[in-house]
Amino acid sequence: MNSIALTVQSLSLILFRPDTVFNDVESKKLNTLIPLLVSFSLSIWFVFYYYNTVDFNWLVSEMAIRYGYAPEEASDYFSKNGMIGFTIVYQLFINFVVLILYSLYLYFVSVIFGDTKKQYSDWWSLLVWSYFPNVILVLSMITYYLLQDSNMVFYENLNFMSLNALVTGFPVTHKYANIATTLTPFIFWNLFLVSIGVRKWLDISYAASFLIAFSPALVGYIIWFFVA
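Quick note on our numbering: the sequence shown kicks off at 114 and runs consecutively.
Given below as structure tokens:
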């Protein structure tokens with residue numbers, strides 16, 4: 114099986130047989146660009162689709178109320194193209210920064226554990242595959258949006274599996290709203306997959322791999338909580 118075919122097959126295998134996928138990632142049989150393009154392309158497409166189908170006049174009016182702008186000011190501040198651009202850049206920037214820093218962290222961890230064969234690009238590939246299940250989250254948001262009775266719904270409210278949607282219910286202007294909105298079961302799924310890869314590649318215990326995988330997220334959220 115060639116690299117492209119094996120990579121496409123692995124897009125579903127990562128959900129059920131991550132060990133197999135991480136073995137192929139380690140032996141460099143997979144094309145990491147494919148899951149990266151699929152996940153980012155789907156997210157970007159949905160941003161375009163949402164802002165071109167939502168009741169934009171309603172959205173601008175609600176944004177004006179939310180942030181205290183006069184109606185005529187809101188139309189200047191919240192243009193459709195501007196909101197599309199901001200949402201896409203924000204999502205891509207945050208995701209790339211997380212992947213870059215997390216890959217660097219795992220690379221240094223591997224050096225500390227005496228693995229000098231793994232390169233930075235190897236850990237980058239492991240993370241891209243570990244975060245690929247997030248496409249299910251995006252697909253669930255798309256489905257949820259399509260099932261709405263009207264097109265008067267905020268983008269952030271489409272993430273119906275977040276802590277904010279299920280438990281806290283913070284308004285978007287609340288200082289902890291962004292934190293609660295980003296906390297979904299998929300974060301734990303991503304980090305669990307990372308721990309599987311770390312355990313296999315570094316040949317360490319489950320406890321150590323869990324600690325390595327989850328520590329950066331835990332520290333990051335604690336810092337975010339106190340500076341919010």
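Glycine included, C-beta positions come from ideal geometry on N, C-alpha and C.
Pairwise C-alpha distance: residue j and residue i
| i | j | result |
| --- | --- | --- |
| W158 | G227 | 42 Å |
| L124 | W314 | 20 Å |
| V266 | T297 | 20 Å |
| G310 | D168 | 44 Å |
| V202 | L150 | 15 Å |
| I213 | V241 | 10 Å |
| T294 | S275 | 5 Å |
| F323 | R179 | 40 Å |
| V138 | P184 | 52 Å |
| G333 | V340 | 11 Å |
| E175 | V280 | 23 Å |
| V211 | Y220 | 14 Å |
| N165 | Y268 | 12 Å |
| V222 | N270 | 37 Å |
| Y257 | F301 | 22 Å |
| G181 | P284 | 14 Å |
| T120 | N277 | 35 Å |
| R312 | A321 | 8 Å |
| K231 | I292 | 33 Å |
| S154 | D132 | 26 Å |
Residue from the options with nearest C-alpha to residue i
| i | options | result |
| --- | --- | --- |
| F161 | A326, N264, M196 | M196 |
| M254 | M176, F209, Y163 | Y163 |
| N170 | S152, S192, S156, L304 | S192 |
| A187 | F283, N194, G282, V173 | V173 |
| K142 | D262, A330, N115 | N115 |
| K288 | P131, F199, F338 | F338 |
| N136 | I335, L252, D316, A330 | D316 |
| I249 | F273, Q232, S238, S234 | F273 |
| D235 | S156, V307, G198 | V307 |
| S152 | Y218, L252, Q261 | L252 |
| I147 | S263, F129, I117, S216 | I117 |
Residue i classed as buried or exposed, judged by whether at least 16 other C-beta atoms fall within 10 angstroms
| i | result |
| --- | --- |
| T286 | exposed |
| I376 | Not covered by the structure: residue 376. The range shown for the chain is 114 to 341. |
| L205 | exposed |
| S328 | exposed |
| P384 | Examination of residue 384 is not possible in this model, given that the chain is present from 114 through 341 alone. |
| I127 | buried |
| Y319 | exposed |
| T145 | buried |
Subject >> Length-filtered (4 minimum) alpha helix (DSSP H) runs lying within the region 266-318 >> reply: 290-295, 298-315
**OP:** Note down, one range per segment and in chain order, each alpha helix (DSSP H) of at least 4 residues found wholly within the region 156-188.
**Re:** 169-180
Original post:
Going along the chain, which unbroken runs of the alpha helix (DSSP H) with 4 or more residues stay wholly within the region 187-273?
Top reply: 193-225, 233-243, 247-259
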